[in-house]
Amino acid sequence: MPRFYVPSSYFSTTEFTLPGNVARHVQVLRQQPEEHIELMDGRGVVYTAQITTMGKKDVAVRLIDQRRYSIESPLSITLLQSISSSERMDFTIQKSVELGVAAIQPVITERSSQRPAGERADKKVGRWQDIAIAACEQCGRTVIPTVHAILPFQAALQAQATVPTKLIMSLNQPQALNHLAQPTSVAILIGPEGGLSAAEEMLAIQQYGFQAISLGPRVLRTETASLAVLAAMQMQWGDFAAPR
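For the sequence shown, the tail end lands on 244 under my numbering, and the numbers increase by one without skipping.
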């Protein structure tokens, strides 16, 4: 059964017209009146809805039932991703959501290839959030990760002050993941295409308590590093480790 994200405000009534983007998707799939679809509020509640009206532009539905359903990992991961080129960043957002990341913090670093600001930054974040929503619909997640507003490097580190385990991909005396105590919450910092500068690495490690880790001797592209470390952490501490 197709599943679509609809903001939670819509579920205050049992009958309503779908948002335009969702209606278009339902129409593209050639759904018909009386057929059932699933709607999710992004917070772990899934609704079964029956299509009541299929217009040229509008699709109306009636809610039939609801249930709480979540396949979230027991490991809460915040990905601090240095902003990369558009296609690489889009790819990283999409795949990190599939791999179970809980939140994504875009970061501007010294070597970031893009430095969006103002309205352009807002549009970027909106696009990345849409990519996260689509990835959830595709992979079956019902809790949508937040893509936070873009932050400069030091502000992004400060925002993780209360996270107990903070990691950085670095060759600066790194440890292996299996040498670390098992966390329930972790923030992982990934550099841009050109890597973090030595000053940025030292700031993260010495002032903000990030621990250096490595996944081996090979140099990974920024999008490869993000996905490799997410998969490794899910295998070591999260829901890749054993059947749920």
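Where a beta carbon is used, it is the ideal one built from N, C-alpha and C, also for glycine.
Alpha-carbon spacing of residue i relative to residue j, whole angstroms
i, j, result
"Val-143", "Ala-187", "18 Å"
"Arg-68", "Met-1", "17 Å"
"Ala-134", "Gly-209", "34 Å"
"Ser-112", "Arg-62", "47 Å"
"Glu-201", "Leu-189", "10 Å"
"Glu-119", "His-179", "43 Å"
"Ala-102", "Arg-30", "33 Å"
"Phe-11", "Arg-127", "24 Å"
"Ser-185", "Ala-176", "17 Å"
"Arg-88", "Gln-94", "10 Å"
"Ala-161", "Gly-55", "50 Å"
"Phe-153", "Pro-74", "28 Å"
"Glu-35", "Ala-49", "8 Å"
"Thr-13", "Val-147", "28 Å"
Distance CB(residue i)-CB(residue j) smaller than 9 Å
i, j, result
"Ile-37", "Phe-16", "no"
"Lys-166", "Gln-234", "no"
"Thr-222", "Pro-192", "yes"
"Val-251", "Ile-51", "Because the chain spans 1 through 244 in this model, residue 251 falls outside it and cannot be assessed."
"Ser-226", "Ser-96", "yes"
"Ile-104", "Met-169", "no"
"Glu-247", "Gly-100", "The question about residue 247 has no answer, for the chain in this structure spans 1 to 244."
"Leu-80", "Ala-156", "yes"
"Gln-129", "Ser-85", "no"
"Ser-82", "Val-107", "yes"
"Ser-204", "Leu-196", "The question names Ser, yet the displayed sequence has Ala at residue 204. Going by C-beta atoms, Ala-204 is nearer than 9 Å to Leu-196."
Residue i (DSSP reduced to helix, strand or coil)
i, result
"Lys-166", "strand"
"Phe-91", "helix"
"His-25", "helix"
"Arg-62", "strand"
"Val-6", "coil"
"Val-46", "strand"
"Gln-175", "strand"
"Ala-138", "Strictly speaking, residue 138 in this sequence is Gln, with Ala absent from that position. If DSSP states are grouped into helix, strand and coil, Gln-138 belongs with the helices."
"Leu-99", "coil"
Integer-rounded CB distance, given that residue j should sit under 8 Å from residue i
i, j, result
"Phe-240", "Ala-231", "7 Å"
"Gln-27", "Tyr-47", "At roughly 19 Å, the Cβ-Cβ gap does not stay under 8 Å, so Gln-27 and Tyr-47 are not in contact."
"Ala-121", "Ile-150", "5 Å"
"Val-163", "Thr-78", "7 Å"
"Pro-174", "Trp-237", "Their Cβ separation, rounded to whole angstroms, is 17 Å, which puts Pro-174 and Trp-237 out of contact at 8 Å."
Which whole runs of the alpha helix (DSSP H) in the segment 193 to 234 are 4 residues long or more, in chain order?
-> 198 to 202
For the segment 64 to 90, which segments carrying the beta strand (DSSP E) assignment without a break, of at least 3 residues, lie completely within its bounds, in sequence order?
-> 76 to 82
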